[in-house]
Amino acid sequence: MNMQEYIEEAESALLHTYNRYQIVFDRGEGVYLYDIEGKKYLDFVAGIAVFAFGYHNEEYNDALKAQIDKLIHTSNYYYNVPAVNAARKLKEVSGMDRVFFTNSGAEAIEGAIKAARKYAYLKDGRTDHEIIAMNHSFHGRTMGALSVTGNPKYREAFEPMIGNIRFADLNDMESVRRQVTDKTCAIIMETVQGEGGLVPAGESFLREVKELCEERDILLILDEIQCGMGRTGYMYAWQRYDIRPDIMTTAKALGCGVPVGAFLMTEKVGRNSLAAGDHGTTYGGNPLACAAIEKVLDLFEKNHIIENVREVGPYLEQRLEELKNRCEFITERRGTGLMQGLVFEHSVADIICHALEDGLVLINAGTNIIRFVPPLIVSKENVDEMITILERSIRS
Ligand SMILES: *Cc1c(COP(=O)(O)O)cnc(C)c1O
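Here numbering that gives the first Met the number 0 is used: the first residue of the sequence shown is 0, the next is one more, and so on.
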């Protein structure tokens, strides 16, 4: 079948929940993707902040193949070696104490919400606890995750959401204080908002939220699903600051292509929240998924991934700033490290389509922002190549 035939069949078979770009990808090599007609694309999306090492990393692939031949799955009613190793390494790099493995980011959010509610329930036995979430946030598409997602457009048709969620504004401490009541059990936010427009939580804001949480024994949940795993030049974006969340979620680049996520917590929350029978998953933390995590965390260290982000991130930022200054309809550059955005006065859909035709994969965040979340192994030369194609697409 040719590309058009695959697309037509996909449109008749798959539920139309995405307006897909008219490309069928076939394989990848490093920071490049190839479609089934052999056309090459520079990839600045990485499967939405997933493929940290780019495509076809042999060491990663070999580790998965070896695990497939050994043991792919066994129930969480038993122990398995990759899960022990993955948990040890994840604790090390995160500085958190306890791990629960999930199959996706949204499920990690669901678990975090349940842990926070249970923690509060064990304190006072009430069942009307509230969670404060941020406007313009994105935490996933399942009902709990959607309930704390600060975008009414995503929620409306699916109301009622889970109850007792209040919304505040990121980086506006007063707006947070206004939502706090004696029923507040958690405050949840992305350390750097992704879908909502590449907006980092500021240092003083995060510190003040953390202080407020400590004063009132409210749990701080940081969603690191997109901004974590080295993307900002820190393994987890909050590690830049002198704070630690009570609960943290991670996914996307955690498995680098194998569907896996996790929520982690401090020992205190671990001991005083979810217990046997409270939460579970069939697949979560299975040997194949955990072999992926184990190898990913190995490769982060061995291949000096964070160092590369710290070198190329500022360069990407500088080149985007320069581009912004050359184009009057780009109003702002946002973000940090290899998680950047360019804000346009108008919709970016045409620019992204043009770039695709010209061999560059980009993605939006909202209608008027282009998001740059490339593989973490990108080089400065790749950034130059991207800027050249992007500028051509903007001008045409
Ligand atoms: C992608 C994302 C999620 C949801 O993860 P899924 O794996 O798609 O369920 C949650 N939070 C943030 C910040 C994300 O970027």
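Even for Gly, the Cβ is constructed at its ideal location relative to N, Cα and C.
#### Entry: Limits of the alpha helix (DSSP H) - the one that cysteine 352 falls within
On the sequence shown, position 353 is the one that residue 352 refers to. Residues 348-356.
### Query
Just checking my contact of leucine 263 with arginine 97 at CB under 8 Å: how many whole Å lie between their CB atoms?
Here residue 263 is taken as the residue at index 264 of the sequence shown, counted from 1. Here residue 97 is taken as the residue at index 98 of the sequence shown, counted from 1. Leucine 263 to arginine 97, Cβ: 6 Å. Contact.
### Message
With three or more beta-carbon pairs closer than 8 Å as the criterion, would you say the region 247-261 touches the region 93-109?
### Response
yes
### Task
Just list the beta strand (DSSP E) runs in the region 146-197, keeping only unbroken ones of 3 residues or longer that don't cross its boundaries, in chain order.
164-167 and 183-189
#### Entry: Residue environment, glutamate 189, which counts as buried when at least 16 other CB atoms sit within 10 Å
Within the sequence shown, the letter at position 190 stands for residue 189. So glutamate 189 ends up on the buried side.
### Message
Our contact map puts alanine 252 next to serine 103 with C-beta atoms below 8 Å; I'd like the distance itself, whole angstroms only.
### Response
Reading the sequence shown from its first residue, position 253 is the one you call residue 252. Reading the sequence shown from its first residue, position 104 is the one you call residue 103. In fact, because the Cβ distance is near 13 Å, the residues do not count as touching under 8 Å.
### Query
Which class does aspartate 34 belong to by DSSP, given the choice of helix, strand or coil?
The sequence position of residue 34 within the sequence shown is 35, counting from 1. In the structure shown, aspartate 34 sits in a strand (DSSP, three-state: E or B).
### Query
Which term fits aspartate 222, buried or exposed, when burial requires 16 or more other beta carbons within 10 angstroms of its beta carbon?
Taking the first residue of the sequence shown as 1, we reach residue 222 at position 223. Buried, since its Cβ has 16 or more Cβ neighbours within 10 Å.
### Message
Per the DSSP calculation, isoleucine 362 is bridged to which residue(s)?
### Response
For the purposes of this step, residue 362 is taken as residue 363 along the sequence shown, with counting starting at 1. Its beta-bridge partners are Arg370.
### Query
Grouping DSSP H, G and I as helix and E and B as strand, with all else coil, what is glutamine 225?
If you number the sequence shown from 1, residue 225 lands on position 226. Correct three-state label for glutamine 225: coil.
### Query
Can you pull the DSSP bridge partners for proline 199?
Along the sequence shown, one-based indexing puts residue 199 at 200. Note: proline 199 sits in a beta bridge opposite Val191.
### Query
Measuring CA to CA, which of Ile376, Gly358, Asn367 and Lys379 is closest to serine 392?
Locating residue 392 in the sequence shown gives position 393, counting from the first residue. Nearest of Ile376, Gly358, Asn367 and Lys379 to serine 392, Cα basis: Gly358.
### Message
Taking 6 Å as the cut-off, is the beta-carbon of glutamate 189 closer than that to any non-hydrogen atom of ligand 1?
### Response
Translated into the one-based positions of the sequence shown, residue 189 becomes position 190. Because some heavy atom of ligand 1 lies under 6 Å away, the Cβ of glutamate 189 counts as near it: yes.
### Message
Beta-carbon within less than 8 Å of arginine 309's beta-carbon, same chain only, minus the 5 sequence neighbours each way: which residues are those?
### Response
Within the sequence shown, numbered from 1, the residue matching residue 309 stands at position 310. Once the five neighbours on either side are set aside, the close Cβ partners of arginine 309 are Gly232 and Gly336.
### For glycine 27, three-class secondary structure by DSSP
Here the question's residue 27 lines up with position 28 in the sequence shown. Looking at glycine 27 - three-state DSSP - the assignment turns out to be strand.
### Query
What do you reckon, is the C-beta of glycine 256 under 6 Å from a heavy atom of ligand 1?
For the purposes of this step, residue 256 is identified with residue 257 of the sequence shown, where counting begins at 1. No.
### Message
Please state whether the Cβ-Cβ distance between asparagine 79 and proline 286 is less than 7 Å.
### Response
Translated into positions along the sequence shown, residue 79 becomes position 80. Translated into positions along the sequence shown, residue 286 becomes position 287. Yes, the Cβ-Cβ distance between asparagine 79 and proline 286 is below 7 Å.
### Neighbouring residues (CB closer than 5 Å to any heavy atom of ligand 1)
Ser103, Gly104, Ala105, His138, Gly139, Glu189, Gly193, Asp222, Ile224, Gln225 and Ala250
### Query
Where does threonine 387 fall in DSSP's three states?
Walking along the sequence shown from the start, residue 387 turns up at place 388. DSSP places threonine 387 in helix when its eight states are reduced to three.
### Query
Are the beta-carbon atoms of tyrosine 118 and asparagine 271 separated by less than 7 Å?
Here the question's residue 118 lines up with position 119 in the sequence shown. Here the question's residue 271 lines up with position 272 in the sequence shown. Yes. Within cutoff.
### Task
Reducing DSSP to helix, strand and coil, say where phenylalanine 299 ends up.
The count along the sequence shown starts at 1 and reaches residue 299 at position 300. Residue state, collapsed to three classes: helix.
### Query
If you run the structure through DSSP and keep just helix, strand and coil, what is phenylalanine 204?
If you number the sequence shown from 1, residue 204 lands on position 205. Residue state, collapsed to three classes: helix.
### Query
Measuring CB to CB, does valine 360 end up less than 7 Å from tyrosine 54?
By 1-based counting over the sequence shown, the position of residue 360 is 361. By 1-based counting over the sequence shown, the position of residue 54 is 55. Their beta carbons are not under 7 Å apart, which means valine 360 does not touch tyrosine 54 by this criterion.
### Task
Might you give, ordered along the chain, the residues of its own chain that have their beta carbon closer than 8 Å to the beta carbon of cysteine 212, omitting 5 neighbours on each side?
Locating residue 212 in the sequence shown gives position 213, where the first residue counts as 1. Excluding sequence neighbours, cysteine 212 sits near Ile186, Leu218, Leu219 and Asp245.
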